[in-house]
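Visitor: Protein chains in written order, with the numbering used here: chain A, 9 to 126; chain B, 7 to 117. Note that the Cβ used here is the ideal one computed from N, Cα and C, for glycine as well. Here it is: the structure, laid out below.
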């Protein structure tokens, strides 16, 4: 069964350092999502791509976070510099299509990257 | 802005008990509602998806209902087992495929 792949699974870094996370969606899925989940809370959407274009990055802290999906397949999320409050699980998800009018397209989630900032 | 609330935040039950998890949302203009399971330190697994036009969905021992007009959903788990121990998250889908999640219910099923 096809799955969303993420790496690394765990990352420990010191504040002010740069970190990067990688996501490979299910083959053929045009829409890719990055979520952040703080311990004890539900995931919150950071950025959403349709192919290589950003559809929604309204919740992405753009002063330190960046995301790209250059060829419309895999994606990288970067944080520079990392802060203590960035410690969280970073989840990637993909779905087969985007319906701007809404729809019923299931999002499939990867295992996540657990980030700890010291 | 859509807000999703889940009650209770945590629940501990003996094995074999039937239980209900609750989810409420503030904006009824949704396209669907999903229930997810999350094991500690892991990603999310989709359990059930209810379209806005549907009232309920069933999968094995799980049954989810949706009352869109009142902004409520319930997840019913029959004959609970220790393997059901996990955090259960509900999420509503609005325009653009955007999911808004609740904070989850942490379930522990004891032997």
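In its own chain, which residues sit with a C-beta less than 6 Å from the C-beta of residue 93 (chain B), not counting the 5 before and 5 after it?
Guide: For the purposes of this step, residue 93 (chain B) is taken as residue 87 along the second chain, with counting starting at 1. Within the same chain, residue 93 (chain B) has close Cβ partners 44, 110 and 112.
Visitor: Give a yes or no on whether the minimum CB-CB distance between residue 12 (chain A) and chain B is below 9 Å.
Guide: The sequence position of residue 12 (chain A) within the first chain is 4, counting from 1. Closer than 9 Å to some Cβ of chain B, the Cβ of residue 12 (chain A) qualifies, so yes.
Visitor: Given a cut-off of 9 Å, decide if residue 32 (chain B) and residue 77 (chain B) are closer than it, judged by their beta-carbon atoms.
Guide: Position 71 of the second chain, counted from the first residue, corresponds to residue 77 (chain B). Position 26 of the second chain, counted from the first residue, corresponds to residue 32 (chain B). Yes; because the gap between Cβ atoms is below 9 Å, this pair is in contact.
Visitor: Classify residue 117 (chain B) as buried or exposed, calling it buried when 16 or more other Cβ atoms lie within 10 Å of its own Cβ.
Guide: Residue 117 (chain B) sits at position 111 when you count from the first residue of the second chain. It is exposed - the Cβ of residue 117 (chain B) has fewer than 16 other Cβ atoms within 10 Å.
Visitor: On the CB-based measure, 16 or more other CB atoms within 10 Å of its CB, does residue 88 (chain A) come out buried or exposed?
Guide: Along the first chain, read from residue 1 onward, the residue named residue 88 (chain A) stands at position 80. By the neighbour-count rule (16 or more Cβ atoms within 10 Å), residue 88 (chain A) is not buried but exposed.
Visitor: Which first and last residues belong to the beta strand (DSSP E) in which residue 40 (chain B) is found?
Guide: Taking the second chain and counting its residues from 1, one reaches residue 40 (chain B) at position 34. 38 to 44 is the span of the beta strand (DSSP E), which, as asked, contains residue 40 (chain B).
Visitor: Can you tell me which of the three DSSP states residue 14 (chain B) falls into?
Guide: Indexing the second chain from 1 puts residue 14 (chain B) at position 8. In this structure, residue 14 (chain B) counts as coil in the three-state DSSP scheme.
Visitor: Please identify, using Cβ separations under 9 Å, the residues of the stretch 77 to 108 of chain B that lie next to chain A, in order along the chain.
Guide: Result list: 95, 96, 97, 99, 100, 101, 102, 103, 104, 105, 106, 107 and 108.
Visitor: Could you tell me the distance, in whole angstroms, from the CA atom of residue 94 (chain A) to the CA atom of residue 124 (chain A)?
Guide: The sequence position of residue 94 (chain A) within the first chain is 86, counting from 1. The sequence position of residue 124 (chain A) within the first chain is 116, counting from 1. In a straight line, the C-alpha of residue 94 (chain A) is about 8 Å away from that of residue 124 (chain A).
Visitor: Within the stretch 47 to 89 of chain A, note down every full beta strand (DSSP E) run reaching 3 residues or more, in order along the chain.
Guide: Correct list: 52 to 58, 61 to 64, 73 to 76 and 83 to 87.
Visitor: Which of helix, strand or coil does DSSP assign to residue 94 (chain A)?
Guide: As a first step, residue 94 (chain A) must be located in the first chain, where it is residue number 86. Helix, per DSSP.
Visitor: If you run the structure through DSSP and keep just helix, strand and coil, what is residue 103 (chain B)?
Guide: On the second chain, position 97 is the one that residue 103 (chain B) refers to. Residue 103 (chain B): helix per DSSP, three-state reduction.
Visitor: Could you spell out where the beta strand (DSSP E) holding residue 15 (chain A) opens and where it closes?
Guide: Locating residue 15 (chain A) in the first chain gives position 7, counting from the first residue. 13 to 15 is the span of the beta strand (DSSP E), which, as asked, contains residue 15 (chain A).
Visitor: In the DSSP assignment, what are the bridge partners of residue 32 (chain A)?
Guide: Taking the first chain and counting its residues from 1, the one referred to as residue 32 (chain A) is at position 24. Paired residues: A:13.
Visitor: In three-state terms, what does DSSP make of residue 90 (chain B)?
Guide: The sequence position of residue 90 (chain B) within the second chain is 84, counting from 1. The answer is helix: DSSP assigns residue 90 (chain B) an H, G or I state.
Visitor: How many angstroms separate the CA atom of residue 26 (chain B) from the CA atom of residue 54 (chain B)?
Guide: Here residue 26 (chain B) refers to the residue found at position 20 when the second chain is read from its first residue. Here residue 54 (chain B) refers to the residue found at position 48 when the second chain is read from its first residue. Straight-line Cα distance between these residues: approximately 15 Å.
Visitor: Select from A:96, A:92, A:85 and A:126 the residue whose C-alpha is nearest the C-alpha of residue 41 (chain A).
Guide: For the purposes of this step, residue 41 (chain A) is taken as the residue at position 33 of the first chain. The residue with the shortest Cα to Cα distance from residue 41 (chain A) is A:85.
Visitor: Which one or two residues does DSSP pair with residue 23 (chain A) in a beta bridge?
Guide: By one-based count along the first chain, residue 23 (chain A) stands at place 15. For residue 23 (chain A), which the question treats as bridged, DSSP gives no partner whatsoever.
Visitor: Please identify the residue among A:66, A:48 and A:61 whose C-alpha is closest to the C-alpha of residue 54 (chain A).
Guide: Here residue 54 (chain A) is taken as the residue at index 46 of the first chain, counted from 1. Nearest C-alpha to residue 54 (chain A): A:66.
Visitor: Which residues in chain B have a C-beta closer than 9 Å to the C-beta of residue 115 (chain A)? List them in chain order.
Guide: Position 107 of the first chain holds residue 115 (chain A). Simply 40, 50, 52, 97, 99, 103 and 105.
Visitor: Give the DSSP-derived three-state secondary structure of residue 113 (chain A) in the structure shown.
Guide: Position 105 of the first chain holds residue 113 (chain A). DSSP places residue 113 (chain A) in coil when its eight states are reduced to three.
Visitor: Taking Cβ positions, are residue 72 (chain A) and residue 90 (chain A) nearer each other than 9 Å?
Guide: Taking the first residue of the first chain as position 1, residue 72 (chain A) is located at position 64. Taking the first residue of the first chain as position 1, residue 90 (chain A) is located at position 82. A contact, by the Cβ cut-off of 9 Å.
Visitor: How is residue 73 (chain B) classed by DSSP in three states: helix, strand or coil?
Guide: Position 67 of the second chain, counting from 1, holds the residue named residue 73 (chain B). Three-state DSSP puts residue 73 (chain B) in a strand.
Visitor: For residue 110 (chain B), would you say it is in contact with chain A, using Cβ-to-Cβ distances shorter than 9 Å as the test?
Guide: In the second chain, the residue the question calls residue 110 (chain B) occupies position 104. So yes, residue 110 (chain B) belongs to the interface.
Visitor: Apart from the five residues just before and just after residue 37 (chain A), which ones in its own chain have a Cβ nearer than 7 Å to its Cβ?
Guide: Here the question's residue 37 (chain A) lines up with position 29 in the first chain. Excluding sequence neighbours, residue 37 (chain A) sits near 102, 103 and 104.
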